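One structure is given here, and the rest of the page talks about it.
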Amino acid sequence: MTVNQAVLDWLNTEPDWDAPHQEPAAPVSDGPVSADVTAPSAATLASATPDERRELVADYVRREVARSVGVTPAALDTERTLVTVGIGSMLGLELQYRLRAALGVAPELTDLLMAKDTHALAAMVVALLGSGG
5 MTVNQAVLDW LNTEPDWDAP HQEPAAPVSD GPVSADVTAP SAATLASATP DERRELVADY
65 VRREVARSVG VTPAALDTER TLVTVGIGSM LGLELQYRLR AALGVAPELT DLLMAKDTHA
125 LAAMVVALLG SGG
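FYI, the numbering used here numbers position 35 of the sequence shown as 39, with every residue one higher than the one before it.
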């Protein structure tokens with residue numbers, strides 16, 4: 005059994021101190037929070053152009069993060085850091101596991117937790133996938 009542990013330097017992690025205080029996002033009326041998120045297939049990623057691949061991965065990452073924090077994808081503020089939307093070390097491990105299980109790659113937990121936003125996390129995943137998907 006392997007145990008992953010993240011060590012964060014909280015003095016150098018940049019929280020959204022300047023962001024206005026917001027209550028945790030509640031699911032909106034665009035549908036229920038999905039318990040099942042389907043990743044793009046390896047064949048779909050391989051046949052996609054680089055721009056399409058980035059969009060497919062970004063959409064998948066957004067849906068996985070939303071599922072992890074219990075909101076609909078539309079309710080997720082994709083411009084906030086993952087920590088401020090509710091991804092802590094335990095949810096980060098779960099998210100890392102889901103990414104690896106679905107796509108075969110996942111950023112290190114510390115990189116995942118320190119991602120500026122879901123777009124940055126998606127960019128990390130695309131980079132790990134490489135140009136061939």
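For each residue, glycine too, the CB sits at the ideal point set by N, CA and C.
These figures come from a predicted structure and were not determined experimentally.
Minimum C-alpha distance to T82 - residue among H123, T114 and A127: H123
Given 8 Å, three or more beta-carbon pairs between the segment 114 to 121 and the segment 66 to 85: yes
Environment of T53 [buried if 16+ CB atoms lie within 10 Å]: exposed
Three-state class that DSSP yields for G108 in the structure shown: coil
Rounded separation between T76 and D63 - CA only: 12 Å
Reference L116; option with closest CA among A106, V130, G96 and L107: G96
Every unbroken alpha helix (DSSP H) within the segment 69 to 101, with a cutoff of 4 residues, ordered by chain: 86 to 89
Which listed residue (E68, A127, L125 and L80) has its alpha carbon closest to that of E98: E68
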